[in-house]
Amino acid sequence: MSAHATSHDDHHHDPGFIRKYVFSTDHKMIGIQYGITAMLFLAFGFYLMMVMRWSIAYPHQPLPEWMSWIFTDNWKARWLQDGKVTGETYNMFGAMHGTIMVFLGIVPLGFGAFGNYVTPLQIGAPDMAFPRLNMASYWTYLLGGLVMCASFFMESGAAKSGWTNYSPLAGFADGQIVNQWLAGQTQWLIGLVLLITSSLLGSVNFITTIINLRARGMTWMRMPFFVWAMLVTGFLLLLAFPPLEAAGIMQLADRVFHSSFFMPSGLFTKSEGLADLSGGGSPLLFQHLFWFLGHPEVYVLLLPAFACVAEIIPANTRKPLWGYKSMVYSVLVLGFLSFIVWAHHMYMTGMGAAVSTFFQTTTVLISVPSVVIITSMLISLWGGAIRFSPPMLWACAFIPMFGIGGLTGLPLAFNLADLHLHDTYYVIGHFHYVVAPGILFGLFAGVLHWYPKITGRYMSSWLNHLHFWPSLVCMNIIFFPMLLQGMAGFHRRWYNGGDAYLAKAADSTNVFGQTVAQHIDMNIWMSMGAWTLALAQIPFIINLFISWKTGRKVESDNPWNATTLEWATPTPPGHGNFTFDVAVYRGPYEYSRPNRKEDFHPQWETPDNSKSDH
Amino acid sequence: MEIPYIVTPRKDTGLFNSKIAIWLFLASEVMLFGGFFSAYVFLRLGADYPWPERTLPVLPGLINTFVLIGSSVTVVFAWASLKMRKWRHFQIYMGITITCALLFMVLKAVEYNVKFHHQAVRLTDYTVVEGHLGYEKENGEYVLDHHGRKIEENMIQIEASGLTFSTVRHHKPWVEELITQAEHRKSEIKLAADVKGRTEEGGRDDVVIAKAGEPLSLALLAKIREAHLDARAHNGALRTAGLRSEWKKAKTENPGKRGWELASAVNVDVKALDEAKKLLTEFSTVSFKVDPPARFDFKPRDVREGATQSRLRDDTVIDGKLLPSPMVFHYVDAIDFRHLAMKAVEKGQDPIDAVENSWLVQNHAFAREAWEWNKAQVAKLEAALLKDYGVDQETGKPKREPTAKERYRIDWKDFVAKSDGVDRGKGAIAVKEEFMGPDYKGREAKETFPEHFSLPREQVRFASKFTPAWNTYYAIYFAITGLHGLHVIGGALVLAYYLFFGRKMYDSNPEWLANRVEVGGLFWHFVDLVWIFVFPIFYLM
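Protein chains in written order, with my numbering: chain D, 1 to 614; chain Z, 615 to 1155.
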């Protein structure tokens, strides 16, 4: 490398508190910043959901003090009616719950935090290719998130048209606000554009890093599956998000410049009468652009969880990942196919048979690589000497939970079944199984797995049990009944849990009302499950902070006896990561080689220095 | 710590970092513009109105195309000069590139500016009139408003006698605007009645917060708002507590019953709370009177007008008579019946009949004359086309017929031809055609363009300048060209940075600077490429 003046030199010697912890360009610190911020957003999104669950279970009863204390009296008077959650508030919380969980919680946790911390370490790079871009990416994300959430305190309240933000509903919402820049719906769009910018910067950085900064000997097929998953995630973010950015800009224009991109002719609303718009736009266009992102986004959520679990399973079964190559090819195919399935979210729009057939076919096809990956993980357990370490507990739960989530998606792939299930709780149950006990469990596993590298201490196993088992039970209490309710026809946007459709008399001739009556009491159990789930997270939060100072110290830099490069660094890794000239000599999962005494063979160990006699 | 491959390419990939990054970034950009171009296709195919074809001035667009292509060439020369370590040449070529970018943006700005001053209106029967709005005049002098600006003759005028504000929702700049408008008309806005009520628990219910006759001010509204919010919060908390205890009672009295079985019977007793003097008075609205009643002007989009009561978007209610608020054009440069004809055909009616029965042709002498003239011209054109191209043997119809634009749109060139007495397509254009369209200020223009073309408000369905609001064509035009313009500006700024601040790096590490210019140049080529698509689809198709 040629010598030249770089701004990196000043990092070597005491960068100062601000540069080290706040405006850091170190990928590890940025990863931690992403992780903490994302977890805070997740907690906030969880809280919104708890309020919604109250409204669903007890629509006529005031929100109890333990949930409503967070609001000011003024806020309560504006958004609650006699303490009850109003439909408008429910919509607002619902839209923001979805937005926060997807865009501000899971993606930044999976891709931003784990991707940032682990990827450069696993490929043997000193940092990301563009450290300052990396920092910009985090701050843009934070700004976008804050802009979105700040709107809760505005006269208009936050966005309230679903996380999908369909026009023309979203185009009219908050239309009464004169200064549109200060309306929740507009803030949502501005926040979204900022988030897309952030993930653009992030994905460019990730892909460049993986392509160009791999250590000597780190060939493509020696890359851990984690890195492959991050590479594909990077491409999904890079290519799927921009069309939504286009849609966001157009909807923004509809709001502030009164254009009609997504507003059809002849719109009439109760409050405004005939809309003072040119019309001629296409609501369907928004749906297409949204779901062109929306579906790859599902895999942006999922792949980091796959990535974590795929690292944890070999390290805890002491055997190679089964079918590494087929998993790599599957994740590539998955990435490609995820771009051509989007309209399966839109069967209800009345698309023609040819289009619908195309999307049904691709949707069913995409289940193949997913199943290959999940099956490989399952078979990886076969015949392994499984250590039920704290991360492994979560990884083991991930497989069946994600399995339920994935398989309940198949009926939705078929037009015929989807027309019945569309917009019911079945859909909610399906994708929450994927995201909550699936993806989140995978990410919890990741936290426990890499925590010793980040802090030099283990997290408490006892607190982890206290976190894991109630979480597993509660997740199923919440989401399994959703599948039943959905098949019975419960609509996903009922703010009062079906109360309005209830047939109260046992001999009522209202058939649907009777069905609702049979299923409505499940709401209470599900809500109880949700609140208990909140309690179950407390041990985790305690664990996360207490263990930082008091956890059991790691005995070595490679506490799990794992094989990938991140365990070759000092604990915690310093600036620049590696203290030796990194070279890679073998594949990522060399466990239990018959000719070796030790049951693992790290990627970085030089062959002539092999410790077979050890 | 040092990041590898910033300057020198990695051996096996053959690329330095930023080159990978720019290609990835451009891939993302392709998807972004792809989203917009897809939107263009979607909107154009799905348009339920006549899509404006070839309405933009081609010459400036064409010049811009060559300007950008030229700059793409010079940016490569600039890069090559750096590679050859010729700083002076680099400066010259980069200078030309940035000048080209500036020229592009200037032309674009002029083009936009023309649009922003061009008014269009769609009448209730879908007749479209385009032109320039007039300004209010009295005795040949422009009437100025309270800001000292000319008053556009497109305002909704209301003679207001009363104003009722929403205490929480009123938009402060609009309140100020109303106060100054009233001052300008020598009228006063005063509180109509005492604002009074119970302001503390157990207190009297006639505590005066503001006296009748107090003049409208933001401070006054803020005071009432404060009292309202306090009362609302107080009452909300009280009612919530009441409902909670009711539920507690109901549940203990009816063990085993489910919530929805009890719900209808559990209510908070608001009346009892009020009688116990616990609830405070909320002031959700506050009414003012305008003394003497005065004329207020509102932008059409801000107000939902009614004969005796109108409502602003911030929920301010205006009591008073709606004055005739015609929309007056100073110059009309096109009358377009295409949309009307299209609607007529959809309904199975004869489009010519529909035009002749349209409000404009029926009620406007100039429009009627123009239409008759146009009809005669179209007949001549039909005959000429029949003569030149003949009849299709299979269908028995003429091979070529006048287009919808020729049949139903009468624009400024037609007005000129009509006043000059020349036939379509044969007459020289008397009005000087300027770079971006007709010259409205020329002497000839005054004789040929209809002046003071007045349209009654009730005939107006939708009106807008040629902004994104006018129709989806302009919306997507501004979106794509605007975004492209931002890319030009961004790219030019980066390249200018290399030009003006690159010398230091050139001295220490010229190869690195060359890499950066290469990456910037790649982006610049992309910006050029986008324009190559933009130009035909908006200017030519």
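Every residue gets a Cβ at the ideal spot worked out from N, C-alpha and C, and that includes glycine.
Can you tell me which of the options puts its alpha carbon nearest to the alpha carbon of residue i?
| i | options | result |
| --- | --- | --- |
| D/M487 | D/I428, D/I478, D/E566 | D/I428 |
| D/T187 | D/T233, D/L143, D/I207 | Reading off the sequence, residue 187 of chain D comes out as Gln, not Thr. The option with the nearest alpha carbon to D/Q187 is D/L143. |
| Z/P1150 | Z/K633, Z/G660, Z/N678 | Z/N678 |
| D/N464 | D/I210, D/P390, D/M128 | D/P390 |
| D/P594 | D/V435, D/A353, D/K549, D/R318 | D/R318 |
| Z/R783 | Z/D916, Z/M1155, Z/D928 | Z/D928 |
| Z/K935 | Z/Q771, Z/M1050, Z/W637, Z/K1013 | Z/Q771 |
| Z/N849 | Z/L893, Z/A948, Z/P664 | Z/L893 |
| D/L195 | D/I56, D/V107, D/P224, D/G171 | D/V107 |
| D/D127 | D/F578, D/A583, D/D599 | D/F578 |
| D/A247 | Z/R763, Z/G649, Z/H1066 | Z/G649 |
| D/F153 | D/L410, D/N212, D/R552, D/D73 | D/D73 |
| Z/E725 | Z/R952, Z/M1050, Z/E616 | Z/M1050 |
| Z/H761 | Z/L792, Z/G1004, Z/H944 | Z/L792 |
| D/W220 | D/I477, D/H422, D/V584 | D/V584 |
| D/T164 | D/S24, D/L192, D/Q176 | D/L192 |
| Z/A635 | D/A95, D/T515, D/L213 | D/L213 |
| Z/F980 | Z/T1009, Z/D1025, Z/R1021, Z/E919 | Z/D1025 |
| Z/T627 | D/W228, D/A215, D/V473, D/I478 | D/A215 |
| Z/S1065 | Z/S686, Z/P674, Z/V743 | Here residue 1065 of chain Z turns out to be Glu, not Ser, going by the sequence shown. Selected option, being the one with the closest Cα: Z/V743. |
Could you check how far apart the C-beta atoms of residue i and residue j are, in whole angstroms? I think they sit under 8 Å.
| i | j | result |
| --- | --- | --- |
| D/G273 | D/S260 | Not confirmed; about 16 Å, so no contact. |
| D/M101 | D/G45 | 4 Å |
| D/I30 | D/Y138 | 5 Å |
| Z/N1129 | Z/F680 | Actually they are not in contact, since the Cβ atoms of Z/N1129 and Z/F680 sit about 29 Å apart, beyond 8 Å. |
| Z/D844 | Z/A826 | Their Cβ separation, rounded to whole angstroms, is 22 Å, which puts Z/D844 and Z/A826 out of contact at 8 Å. |
| D/H467 | D/N543 | 7 Å |
| D/H27 | D/N134 | 6 Å |
Based on the DSSP output, what are the partners of residue i in its beta bridges?
| i | result |
| --- | --- |
| Z/L758 | Z/K764 |
| Z/R918 | Z/R925 |
| Z/H746 | Z/Y945 |
| D/V85 | D/L80 |
| Z/K810 | Z/V822 |
| Z/D1025 | Z/A948 |
| Z/E802 | Z/D905 |
| D/Y591 | D/F600 |
| Z/V935 | It should be noted that the sequence gives Lys, not Val, for residue 935 of chain Z. According to DSSP, which records beta bridges pairwise, Z/K935 is partnered with Z/E773. |
#### Entry: Interface residues of the region 497-518 of chain D facing chain Z [CB-CB below 8 Å]
Residues D499, L502, K504.
### Task
Could you run through the region 199-223 of chain D and flag, in chain order, every residue whose CB is less than 7 Å away from some CB of chain Z?
So the list reads L200, V204, I207, T208, I211, N212, L213, given in the order they occur along the chain.
#### Entry: the region 43-62 of chain D: positions lying closer than 9 Å to chain Z by Cβ
Under the 9 Å Cβ criterion, the region 43-62 of chain D contributes A57, Y58, P59, H60, Q61, P62.
### Query
If you scan the region 1051-1104 of chain Z from start to end, which runs of the alpha helix (DSSP H) of 4 or more residues do you find wholly inside it?
Counting only unbroken stretches of 4 or more residues, the alpha helix (DSSP H) elements lying wholly within the region 1051-1104 of chain Z are 1057-1062, in sequence order.
### Task
Note down, one range per segment and in chain order, each beta strand (DSSP E) of at least 3 residues found wholly within the region 853-927 of chain Z.
Runs found: 899-912, 923-926.
### Task
Identify each residue in the region 226-244 of chain D for which the Cβ-Cβ distance to at least one residue of chain Z is less than 7 Å, and report them in chain order.
Within the region 226-244 of chain D, the residues whose Cβ lies closer than 7 Å to some Cβ of chain Z are L238, L239, P242, P243, listed in chain order.
### Query
What are the complete alpha helix (DSSP H) segments, minimum 4 residues, inside the region 246-312 of chain D?
Counting only runs of 4 or more, we get nothing.
#### Entry: Contact list for the region 543-567 of chain D against chain Z, Cβ threshold 8 Å
Flagged: no residues at all.
### Message
Can you pull out the residues from the region 279-298 of chain D whose beta carbon lies closer than 9 Å to at least one beta carbon of chain Z?
### Response
Going along the region 279-298 of chain D in chain order, one finds G279, G280, G281, S282, L284, L285, H288, L289, F292 with a Cβ nearer than 9 Å to chain Z.
### Task
Closer than 9 Å, Cβ to Cβ, to anything on chain Z: give me those residues from the region 115-139 of chain D, in chain order.
Answer set for the region 115-139 of chain D: A125, P126, D127, M128, A129, F130, P131, L133.
### Task
Give the residues from the region 161-185 of chain D that approach chain Z closer than 9 Å (Cβ to any Cβ), ordered along the chain.
Taking 9 Å as the Cβ-Cβ cut-off against chain Z, the residues of the region 161-185 of chain D that qualify are G175, Q176, I177, V178, N179.
### Message
Give the list of continuous alpha helix (DSSP H) stretches no shorter than 4 residues that lie fully inside the region 36-74 of chain D.
### Response
Within the region 36-74 of chain D, the complete alpha helix (DSSP H) runs of at least 4 residues fall at 65-68.
### Query
Taking any Cβ of chain D, which residues in the region 911-944 of chain Z have a Cβ under 9 Å from it, in chain order?
Answer in chain order: P914, R915, D916, R918, L926, R927, D928, D929.
### Message
Can you pull out the residues from the region 566-591 of chain D whose beta carbon lies closer than 7 Å to at least one beta carbon of chain Z?
### Response
Residues are counted here when their Cβ sits less than 7 Å from a Cβ of chain Z; for the region 566-591 of chain D these are H575, G576, given in chain order.
### Within 7 Å of chain Z by C-beta, residues of the region 250-262 of chain D in sequence order
Cβ proximity to chain Z below 7 Å picks out M250, A253, F257, H258, S259, S260, F261 from the region 250-262 of chain D.
### Task
Quick one: which residues of the region 659-682 of chain Z get their C-beta closer than 7 Å to a C-beta of chain D? List them in chain order.
Among the residues of the region 659-682 of chain Z, those with a Cβ less than 7 Å away from any Cβ of chain D are G660, A661, D662, Y663, in the order of the chain.
#### Entry: Residues, ordered as in the chain, of the region 617-629 of chain Z that lie near chain D by beta-carbon distance below 7 Å
Residues passing the 7 Å Cβ filter: I617, P618, Y619, V621, T622, R624, T627, L629.
### Query
What residues from the region 848-859 of chain Z come within 7 Å of chain D, judged by C-beta to C-beta, listed N to C?
So the close ones are G850, A851, R853, T854, L857, R858.
### Task
Could you name the residues of the region 632-645 of chain Z whose beta carbon sits closer than 7 Å to any beta carbon of chain D, in the order they occur along the chain?
Answer set for the region 632-645 of chain Z: I634, A635, L638, F639, A641, S642, M645.
### Message
Taking beta-carbon pairs under 8 Å, can you tell me which members of the region 1071-1086 of chain Z lie near chain D?
### Response
Using a CB distance below 8 Å, the part of the region 1071-1086 of chain Z facing chain D consists of F1076, S1078, T1081, P1082, A1083, W1084, N1085, T1086, ordered along the chain.
### Query
Which residues, in chain order, does the region 63-79 of chain D contribute to contact with chain Z at a C-beta distance below 7 Å?
If the cut-off is 7 Å between Cβ atoms, the region 63-79 of chain D has D73, N74, K76, A77 near chain Z.
### Task
Identify each residue in the region 80-108 of chain D for which the Cβ-Cβ distance to at least one residue of chain Z is less than 9 Å, and report them in chain order.
Answer in chain order: L80, Q81, D82, G83, K84.
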